[in-house]
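Peer 1: What follows is a structure written as structure tokens; I'll ask about it next.
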Ligand SMILES: [Zn+2]
């Protein structure tokens, strides 16, 4: 047993990871360097750094999480994910896995958290569910109501929903590509539980941390994503919150994904060198303040940047035949794609 006080221990932990007391004050001291999924203390050095953020790995449940974690407000997601309301989006793999999952219930009341433009809700309604959704992006929510005529898309967080409609319970709650954004996953999953009937179902997808990557996935960084899940970490987390896992599906790497990974591997730094320092990657833009990010997102590309984008498209097309050639090897090695889907059911 250490004789130091919790405050001293937290301070020395901060020193070990090279964070100043000032930045640490932004974080709840009690939760500092505790795994946000299993709550065990996490020691050791960060496995990755980006800007002011440090990535840690929990040895107990294997979750990887960034510190510090503070989710941006709804306007931030509107800014970063803008343009989703301009066209009909195809269903994502997680949506399709749920709709074809033989273990999932085939009807009942379904709530989709973060329903976006409503493409999944419309498909679920057509499949026989009574659907409701929540979405904080006002443009996406408007699109869902107008284009899909979805009567019930509420601009509430799951916490606000549970408080506003405490008596309303669902047979299924779904959240696709939502859990990796959460700063406090335990709180989130308890809110989901509060919306479920006894023996209710939960279906979700997250980016698979065990996917094949040949370079950094620029979307998978804070403050966009705070948590990196594997199937093992996810199963352990849900089990601790009273759910039994019924099915897990890890998308295998397909030809399109293989082409993306070859393209990423062939990245030479040429585009940044030629396009100049104004060519910001999404990962950098995410770290900016609202005004700076708005300027970067709406900046008119220079002729040179437009030429580089064109060459970039040519390069990515040129990767398709390479990917088709490489695909038998990719399949033989069992490389994983981006999506990790899971269906679970409340034990009680
Ligand atoms: Zn853990």
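Residue numbers (my numbering): 1228 to 1575.
Glycine included, C-beta positions come from ideal geometry on N, C-alpha and C.
None of these values were measured; they are calculated from a predicted model.
Is the stretch 1400 to 1407 touching the stretch 1322 to 1338, taking contact as three or more C-beta pairs under 8 Å?
Peer 2: The answer is yes - the stretch 1322 to 1338 touches the stretch 1400 to 1407, with three or more Cβ pairs under 8 Å.
Peer 1: Could you name each continuous beta strand (DSSP E) segment of 3 residues or more that falls completely within the stretch 1327 to 1377, going from the start of the chain to the end?
Peer 2: Qualifying beta strand (DSSP E) stretches, in chain order: 1335 to 1340, 1356 to 1361.
Peer 1: Can you list, in chain order, the residues of its chain with a C-beta nearer than 6 Å to that of residue 1577? Leave out the 5 residues immediately preceding and following it.
Peer 2: Past the edges of the chain, shown from 1228 to 1575, lies residue 1577, and the structure says nothing about it.
Peer 1: Could you pull out every unbroken beta strand (DSSP E) segment of at least 3 residues lying fully inside the stretch 1394 to 1448, listed in chain order?
Peer 2: As far as the stretch 1394 to 1448 is concerned, its whole beta strand (DSSP E) runs of at least 3 residues are 1397 to 1403, 1423 to 1434.
Peer 1: When the distance is taken between beta carbons, is residue 1415 closer than 8 Å to residue 1292?
Peer 2: For residue 1292 and residue 1415, no; Cβs fall outside 8 Å.
Peer 1: With ligand 1 as the reference, list in chain order each residue whose Cβ lies under 6 Å from any of its heavy atoms.
Peer 2: Answer in sequence order: 1262, 1264, 1265, 1267, 1285, 1287, 1288, 1290.
Peer 1: Going by alpha carbons, who is nearest to residue 1419 out of 1262, 1323, 1329, 1361?
Peer 2: The residue with the shortest Cα to Cα distance from residue 1419 is 1361.
Peer 1: Rank 1538, 1421, 1523 by C-alpha distance to the C-alpha of residue 1573 and give the top, closest one.
Peer 2: Nearest option by C-alpha distance: 1421.
Peer 1: Around the C-beta of residue 1295, are 16 or more other C-beta atoms found within 10 angstroms, so that it is buried, or is it exposed?
Peer 2: With 16 or more Cβ atoms within 10 Å of its Cβ, residue 1295 is classed as buried.
Peer 1: Cβ atoms of residue 1350 and residue 1318: under 8 Å apart, would you say?
Peer 2: Against a cut-off of 8 Å, the Cβ pair of residue 1350 and residue 1318 comes out as a contact.
Peer 1: Do residue 1510 and residue 1445 come within 8 Å of each other at the CB atom, strictly closer than that value?
Peer 2: Result yes, Cβ atoms of residue 1445 and residue 1510 sit closer than 8 Å.
Peer 1: How big is the Cα-Cα spacing for residue 1470 and residue 1314?
Peer 2: For residue 1470 and residue 1314, the distance between alpha carbons rounds to 36 Å.
Peer 1: Please name the residue in 1307, 1298, 1290, 1395 whose C-alpha comes closest to that of residue 1523.
Peer 2: Closest option to residue 1523, Cα to Cα, is 1307.
Peer 1: Go to residue 1474, then tell me how far its beta strand (DSSP E) extends in each direction, as first and last residue.
Peer 2: 1470 to 1479 is the span of the beta strand (DSSP E), which, as asked, contains residue 1474.
Peer 1: Indicate the three-state DSSP secondary structure (helix, strand or coil) for residue 1493 in the structure shown.
Peer 2: Residue 1493 falls in the coil class under three-state DSSP.
Peer 1: Checking 8 Å against the spacing of the C-beta atoms, do residue 1289 and residue 1457 come in under that value?
Peer 2: Cβ distance < 8 Å, so residue 1289 and residue 1457 count as in contact.
Peer 1: Which of the three DSSP states is assigned to residue 1506 in this structure?
Peer 2: Any reading at residue 1506 is ruled out, since the residue's pLDDT is 44, under 50, leaving its predicted position unreliable.
Peer 1: Locate the alpha helix (DSSP H) running through residue 1518, then write down its first and last residues.
Peer 2: Residue 1518 -> alpha helix (DSSP H) spans 1517 to 1525.
Peer 1: What's the call for residue 1300, buried or exposed, on a 16-neighbour Cβ count within 10 Å?
Peer 2: When all chains shown are included, residue 1300 counts as exposed.
Peer 1: Can you tell me which of 1276, 1435, 1460, 1268 puts its alpha carbon nearest to the alpha carbon of residue 1562?
Peer 2: That would be 1435, whose Cα lies nearest to the Cα of residue 1562.
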